[in-house]
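Protein chains in written order, with the working numbering: chain E, 7 to 57; chain G, 301 to 477.
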């Protein structure tokens with residue numbers, strides 16, 4: 007199964023475009039949070055087609 | 301507590317009877333924002349169990365649906381098993397006995413649906429769950445637990461990859477009769 011790469015993720019979700027939501031409050035991730043989030047996403051399954 | 305059923309015209313329902321009503325009671329509905337990596341839902345409190353409905357959830361990519369609670373249900377204490385079947389291929393079985401979260405379903409990019417039943421979230425002892433979700437032409441069934449004596453009143457939901465881009469998370473509670 008293909009996996010997400012860092013380059014693919016950064017292209018899809020540039021810094022400043024990802025938020026965190028708690029109830030009705032939505033705030034943008036800091037750059038440090040975004041970097042950690044991107045790192046955590048690397049290697050997750052890329053389910054681009056019907057399994 | 302004796303059930304007031306069958307209801308009789310003119311009879312008075314008591315607060316105790318209503319508070320112990322064993323049917324679903326609406327707790328809250330949380331609209332999901334766009335471009336959000338996770339949605340934490342608080343105020344999940346006061347019931348023996350919860351039915352959580354994911355209504356018309358959109359995500360940026362096809363992905364796993366994940367639950368945890370970064371506030372209380374921390375550490376690698378989640379245990380779960382997922383059975384995934386797309387209707388044409390051999391079903392896939394996946395299990396994890398020490399995870400930081402539980403991958404309980406799969407969602408795609410167009411109005412996905414899932415239900416998650418959570419037991420004993422507010423009480424000591426294990427919190428348990430089972431779930432069903434629909435993904436493309438398939439179904440994902442899952443069950444698991446948070447294996448620690450920890451209570452919580454919130455849950456955090458996130459895509460395994462990418463971000464949510466809309467939908468609603470609706471929480472109902474019920475008490476065992």
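Ideal Cβ positions, reconstructed from N, Cα and C, are used throughout, including at glycine.
This one's a predicted model, so the numbers in the text were calculated from it and none came from an experiment.
Quick check on the burial criterion: 16 or more other C-beta atoms within 10 angstroms. Buried or exposed for residue 305 of chain G? Position 5 of the second chain holds residue 305 of chain G. That one is exposed.
Please work out which residues of its chain come closer than 8 Å, Cβ to Cβ, to residue 410 of chain G, disregarding the five sequence neighbours upstream and downstream, and give them in chain order. As a first step, residue 410 of chain G is located in the second chain; it is residue number 110 there, counting from the start. Counting only Cβ-Cβ distances below 8 Å, and skipping sequence neighbours, we find 358.
Looking at residue 541 of chain G: is its Cβ nearer than 7 Å to the Cβ of residue 442 of chain G? There is simply no residue 541 of chain G to check, as chain G begins at 301 and stops at 477 in what is shown.
Would you please state the rounded distance, in angstroms, between the beta carbons of residue 26 of chain E and residue 35 of chain E? I believe it to be under 8 Å. The count along the first chain starts at 1 and reaches residue 26 of chain E at position 20. The count along the first chain starts at 1 and reaches residue 35 of chain E at position 29. About 6 Å separates the two Cβ atoms, so the contact holds.
Alpha carbon to alpha carbon, what distance is there between residue 433 of chain G and residue 406 of chain G? On the second chain, position 106 is the one that residue 406 of chain G refers to. On the second chain, position 133 is the one that residue 433 of chain G refers to. The straight-line gap from Cα to Cα measures roughly 6 Å.
Against chain E, with Cβ distances strictly below 7 Å, would residue 353 of chain G count as a contact? Counting from 1 along the second chain, the entry for residue 353 of chain G is found at position 53. Output row for residue 353 of chain G: interface = no.
When you compare the CB positions of residue 385 of chain G and residue 402 of chain G, do they come within less than 7 Å of one another, or not? Your numbering for residue 385 of chain G matches position 85 in the second chain. Your numbering for residue 402 of chain G matches position 102 in the second chain. Not closer than 7 Å, so no.
Which residues in chain G have a C-beta closer than 9 Å to the C-beta of residue 23 of chain E? List them in chain order. Counting from one through the first chain, the residue named residue 23 of chain E turns up at place 17. Those are 335 and 463, listed as they occur along chain G.
Please confirm if the stretch 340-348 of chain G is in contact with the stretch 450-470 of chain G, defined as three or more CB-CB distances below 8 Å between the two stretches. yes
Identify the continuous alpha helix (DSSP H) that holds residue 15 of chain E and give its terminal residues. Numbered from 1 along the first chain, position 9 holds the residue referred to as residue 15 of chain E. 12-18 is the span of the alpha helix (DSSP H), which, as asked, contains residue 15 of chain E.
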